[in-house]
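Enquirer: Quick note on numbering: the working numbering labels position 251 of the sequence shown as 390, and the sequence is numbered without any gaps.
We put the beta carbon where it would ideally sit given N, CA and C, even for glycine.
A quick note: this is a predicted structure, and the numbers were derived from the prediction, not measured.
This structure is in structure tokens; I'll ask about it shortly.
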Amino acid sequence: SYLLTHPEIAHGPIRICFTPDEEIGAGIRHLTLADLAADVAYTLDGQEAGEVTYETFSADKAVVTIGGVSTHPGTAFNVLVNALHLATKLIDMLPQHTRTPETTRERQGFIHVYQMKGSAAEAEIHFILRDYELAGLQAHGDLLRAACNALQLGEPRARIHCAITPQYRNMRYWLENDMRPVHLAEEAIRRAGLEILRTPVRGGTDGSQLTEKGVPTPNLFTGMQNVHGPLEWISLQDMARAVQVCVELAQLWAAQAKA
Numbered sequence: 140s141y142l143l144t145h146p147e148i149a150h151g152p153i154r155i156c157f158t159p160d161e162e163i164g165a166g167i168r169h170l171t172l173a174d175l176a177a178d179v180a181y182t183l184d185g186q187e188a189g190e191v192t193y194e195t196f197s198a199d200k201a202v203v204t205i206g207g208v209s210t211h212p213g214t215a216f217n218v219l220v221n222a223l224h225l226a227t228k229l230i231d232m233l234p235q236h237t238r239t240p241e242t243t244r245e246r247q248g249f250i251h252v253y254q255m256k257g258s259a260a261e262a263e264i265h266f267i268l269r270d271y272e273l274a275g276l277q278a279h280g281d282l283l284r285a286a287c288n289a290l291q292l293g294e295p296r297a298r299i300h301c302a303i304t305p306q307y308r309n310m311r312y313w314l315e316n317d318m319r320p321v322h323l324a325e326e327a328i329r330r331a332g333l334e335i336l337r338t339p340v341r342g343g344t345d346g347s348q349l350t351e352k353g354v355p356t357p358n359l360f361t362g363m364q365n366v367h368g369p370l371e372w373i374s375l376q377d378m379a380r381a382v383q384v385c386v387e388l389a390q391l392w393a394a395q396a397k398a
């Protein structure tokens, strides 16, 4: 609405896209690049005022299924193989004081067990694997597979399967080839009177997948705090500053087009 009421501000075509499924990892599942129709994009999914991000985790999801041997507990001696017991053993085999979200920070990756469900007959454990570097991500996956293999060897009557699937990759791998979207964002932040904060995201944004698909998409701040917690909140003043940065960005890209 600001640009509509200020026609004197130069800008090119601007499209706004809402991806409400971002938090469940499906933000752009049904979004095509033709729908987006953009050469460059920015997500507004950051925190501190002045923050610009061109690094995210690389991410995989892992699902381990454990099939036990079920029988009546009254006649279970030397017969029952409890899938729930095996599931807890698997978790205990993984690092407890390293490589978990609660024991890592900054550029450290992790293995996060976030859901377990099932019965004595069959259990399912869900993990997310995160690291800034692909070698680290591979190492997390190898560690989980090795634990599953060891558990299988220890109880051959069980059926243990580990499936690891890619989710998204560190956008840095592509943005490093053309940093103009990042540099213009930094200039817009300066023009808005803010200090630039280059902060790697300990998570991901829809920009990770968009960048990989060919639309460079750095991440900008919004002012949100205590993200994903019961006391999450956002600063109205920082939201207004984020809008100001977007207006400055529109003008900078318009100037680039004329150059």
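(1) Tell me the DSSP secondary structure of V179 in three-state form.
(2) To which residues does DSSP link C156 through a beta bridge?
(3) Is any beta-carbon of chain C found at less than 8 Å from that of V202?
(4) Taking Cβ to Cβ, would you say H198 is nearer than 8 Å to L142?
(5) Is the distance from the Cβ of G189 to the Cβ of A396 below 8 Å?
(6) Determine which residues share a DSSP beta bridge with C402 and list them.
(7) Can you name the start and end residues of the beta strand (DSSP E) that A262 belongs to?
(8) If contacts are defined as beta-carbon pairs under 8 Å, then V354 and L172 qualify, I think. What distance do you get, rounded to the angstrom?
(9) Any contact between the stretch 177-189 and the stretch 376-388? By contact I mean 3 or more CB pairs, one from each, below 8 Å.
(10) For E194, which of G343, S374, A393 has the nearest alpha-carbon?
(11) By alpha-carbon positions, which one of R341, T227, H236 ends up nearest to A259?
(12) Does DSSP classify Q383 as helix, strand or coil?
(13) Just verifying my parser: in three-state terms, what is the DSSP assignment at H322?
(14) Would you call the stretch 371-385 and the stretch 197-214 in contact, with 3 or more CB pairs under 8 Å?
(15) Got a sec? Which residues, its chain only, sit under 8 Å from F266 by beta carbon, not counting five neighbours each side?
(16) Tell me whether W372 is buried or exposed, calling it buried when 16 or more other Cβ atoms sit within 10 Å of its Cβ.
Expert: According to the structure data:
(1) The answer is coil: DSSP assigns V179 none of H, G, I, E or B.
(2) According to DSSP, C156 shares a beta bridge with no other residue.
(3) Annotation note: the requested chain C is absent from the structure, which comprises a single protein chain.
(4) Note on residue identity: the sequence assigns Ala, not His, to residue 198. Cβ distance not < 8 Å, so A198 and L142 don't count as in contact.
(5) In this structure, A396 does not lie closer than 8 Å to G189 by Cβ.
(6) No answer is possible for residue 402: the residues shown for the chain start at 140 and end at 398.
(7) A262 -> beta strand (DSSP E) spans 261-270.
(8) L172 and V354 do touch by the CB rule: their CB atoms are close to 6 Å apart, below 8 Å.
(9) Output reads yes: the stretch 376-388 touches the stretch 177-189.
(10) For E194, the nearest C-alpha among the options comes from G343.
(11) With distances taken between CA atoms, A259 lies nearest to T227 out of R341, T227, H236.
(12) Here Q383 sits in helix by DSSP.
(13) Residue state, collapsed to three classes: helix.
(14) Result no; under three Cβ-Cβ pairs closer than 8 Å.
(15) The answer, listed in chain order, is K200, A201, V202, V203, I250, H251, V252, Y253, L283.
(16) So W372 counts as exposed.
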